[in-house]
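Chemist: Numbering-wise, the sequence shown is residues 932 to 1268 according to our numbering.
Just so you know, even glycine gets a beta-carbon here, dropped at the ideal spot from N, CA and C.
Here the structure is a predicted model, which is why all the values come from computation and not from measurement.
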Amino acid sequence: MYNKLLHTPEGFRDIYGNEYYKRQDVKNTLFDTIKKYNYMNIDLPSIEYFDIFSSDIGTIPSNELFKFFDKEGNTLCLRPDFTPSIARVAATYFADYEDILRFVYSGLTYVNSSDLQGKLKESLEVGSELIGDDSVKADYEIISIVLDCAKALNIEDFQISIGNVEFFKGLCEEFVFDEKTEMDLRDMISNKNYFGAKGILDATDINEDVKDSILSISELFGSYECLEKAIEMSGNGRSKYAIKRLMELYALLKNEGKEKYISFDLGMLSKYNYYTGIVFRGYTYGSGDAIFKGGRYDKLIEKFGKDAPAIGFSANVDQLVSVITRNKKEKSCTDQE
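#1: Can the beta-carbon of Ala1083 be found closer than 8 Å to that of Phe1235?
#2: Using DSSP's beta-bridge definition, name the partner residues of Lys1224.
#3: Using only CA atoms, which one of Asp1249, Gly1213, Lys1237, Asp1238 lies nearest to Ile1076?
#4: My output table needs one value for Ser1253: the three-state DSSP class, helix, strand or coil.
#5: Where does Tyr970 sit, in a helix, a strand or coil, going by DSSP?
#6: For Gly1243 versus Gly1058, is the C-beta spacing smaller than 8 Å?
#7: How is the alpha helix (DSSP H) around Leu917 delimited, first residue to last?
#8: Have a look at Glu1233 and Ile1209 and give me their C-alpha separation to the nearest angstrom.
#9: So, for Gly1166: in the same chain, excluding its five sequence neighbours on each side, which residues have a beta-carbon less than 7 Å away from its beta-carbon?
#10: Does DSSP put Phe962 in a helix, a strand or coil?
#11: Going by beta-carbon coordinates alone, are Ser1016 and Leu1051 separated by less than 8 Å?
#12: Rounding to the nearest angstrom, what Cα-Cα distance links Cys1103 and Ala1182 in this structure?
#13: For Asn1258, which option in Asp1001, Ser1245, Tyr1216, Asp1238 has the closest C-alpha, if you only look at C-alpha atoms?
#14: Indicate whether Glu1072 and Tyr947 have their beta-carbon atoms separated by less than 8 Å.
#15: Closer than 6 Å by C-beta to Lys953: which residues in its own chain qualify, once you throw out the five before and the five after it? Chain order, please.
#16: Which residues in the same chain have their Cβ closer than 8 Å to the Cβ of Ser986, if we skip the five residues on either side of it in sequence?
#17: Got a sec, what are the start and stop residues for the beta strand (DSSP E) Asn1095 sits in?
#18: Note down the Cα distance separating Phe999 from Tyr1041, rounded to an integer number of angstroms.
#19: From what residue to what residue does the beta strand (DSSP E) around Arg1033 run?
#20: Using the Cβ count rule (16 or more neighbours within 10 Å means buried), how would you classify Met971?
#21: In terms of alpha-carbon separation, which member of Ile1174, Asp1140, Val957 lies closest to Glu1156?
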């Protein structure tokens, strides 16, 4: 019994010594970089009502939440994701505020999943949210902040992969898929599971040409040229608009010499169903997962009572510490040679 109590629960750990200070340095660097864009500090509670993260909101599945009850019998949960909490704040305290809102935050998130492949259930995140602007310039601002954050952390080999969920949704709307089929396809395409996606499509009555078009989404990734291919295969206005929006974003980035950090992936479909436009992930060597994640969620805040478009991103501080430490070691070994 005592042995068990001397250890942290699975997926949690103690942080001390040099790692603690490295973690604080990364967090502060990210925070200070975002603040330069005039973002307002916000601190949010770790515990929210369960409804803030319900299936209707479009966040992670409820069985991955840490749930419990207060003394009144209300179902509460530990925050798995900052975005719905920010949406709640925007709708509650800024309901009549018509100007653009910019928030920067840091804090812990909690995901109660048993299939995380060694990932922690508690993670430290820093992020920002831009609310009240549906323009491509707002998308550009968030992408620019992510690039500045990577630069401030001296991450040299860095790439942001960008998609747009509206491209996929337009195709599903064009071919009249039901909601379940769309969600199942979304999971398969997002995970690059070609055979799984084909199996779902084979169970429908659509023709082979349509199947091939949808399955080809997973192959639409890489440089700007993949956008040109995508717009050629788009037979509906919604999908075409999604690609044109990415083209506009690319033009802004190219105008500032940032295009070398950008690639595209139209099969990128986040597990967070509240995303409505561009989605993106930032990668570097030494990390098997994205160190930055984000996207546009123009319909989420209205679920809390305020009609306002929004876009944001989060950075996983623990992954960043691991990447930076590994890169320093590799550089040190190279210098010694």
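Modeler: In this structure, then:
#1: Here residue 1083 refers to the residue found at position 152 when the sequence shown is read from its first residue. Here residue 1235 refers to the residue found at position 304 when the sequence shown is read from its first residue. No; because the gap between Cβ atoms is not below 8 Å, this pair is not in contact.
#2: On the sequence shown, residue 1224 is found 293 positions in, with the first residue counted as 1. According to DSSP, which records beta bridges pairwise, Lys1224 is partnered with Arg1212, Ser1245.
#3: Taking the first residue of the sequence shown as position 1, residue 1076 is located at position 145. Considering only alpha carbons, the answer is Gly1213.
#4: Position 322 of the sequence shown holds residue 1253. In the structure shown, Ser1253 sits in a helix (DSSP, three-state: H, G or I).
#5: Looking up residue 970 in the sequence shown gives position 39. Coil.
#6: What you label residue 1243 is simply residue 312 of the sequence shown in a count that begins at 1. What you label residue 1058 is simply residue 127 of the sequence shown in a count that begins at 1. Taking 8 Å as the Cβ cut-off, Gly1243 and Gly1058 qualify as a contacting pair.
#7: The question about residue 917 has no answer here: the residues shown for the chain are numbered 932 through 1268.
#8: Along the sequence shown, one-based indexing puts residue 1233 at 302. Along the sequence shown, one-based indexing puts residue 1209 at 278. C-alpha separation (whole angstroms): 19 Å.
#9: On the sequence shown, residue 1166 is found 235 positions in, with the first residue counted as 1. Answer for Gly1166: Glu1105, listed in chain order.
#10: Taking the first residue of the sequence shown as position 1, residue 962 is located at position 31. Residue state, collapsed to three classes: helix.
#11: Locating residue 1016 in the sequence shown gives position 85, where the first residue counts as 1. Locating residue 1051 in the sequence shown gives position 120, where the first residue counts as 1. Contact: no.
#12: Residue mapping note: residue 1103 aligns to position 172 of the sequence shown, counting from 1. Residue mapping note: residue 1182 aligns to position 251 of the sequence shown, counting from 1. If you take the alpha carbons of Cys1103 and Ala1182, they lie about 28 Å apart.
#13: On the sequence shown, residue 1258 is found 327 positions in, with the first residue counted as 1. For the residues Asp1001, Ser1245, Tyr1216, Asp1238, the minimum Cα distance to Asn1258 belongs to Tyr1216.
#14: For the purposes of this step, residue 1072 is taken as the residue at position 141 of the sequence shown. For the purposes of this step, residue 947 is taken as the residue at position 16 of the sequence shown. No. Outside cutoff.
#15: Taking the first residue of the sequence shown as position 1, residue 953 is located at position 22. Excluding sequence neighbours, Lys953 sits near Val1252.
#16: For the purposes of this step, residue 986 is taken as residue 55 along the sequence shown, with counting starting at 1. Result list for Ser986: Pro992, Ser993, in chain order.
#17: Counted from its first residue, the sequence shown places residue 1095 at position 164. Residues 1089-1095.
#18: As a position in the sequence shown, residue 999 is number 68, starting the count at 1. As a position in the sequence shown, residue 1041 is number 110, starting the count at 1. Whole-angstrom Cα-Cα distance: 13 Å.
#19: Translated into the one-based positions of the sequence shown, residue 1033 becomes position 102. Segment 1032-1041, the beta strand (DSSP E) holding Arg1033.
#20: Walking along the sequence shown from the start, residue 971 turns up at place 40. Its Cβ having fewer than 16 others within 10 Å, Met971 is exposed.
#21: Start at 1 with the first residue of the sequence shown, and residue 1156 comes out as number 225. When each option's Cα is compared against that of Glu1156, the closest is Ile1174.
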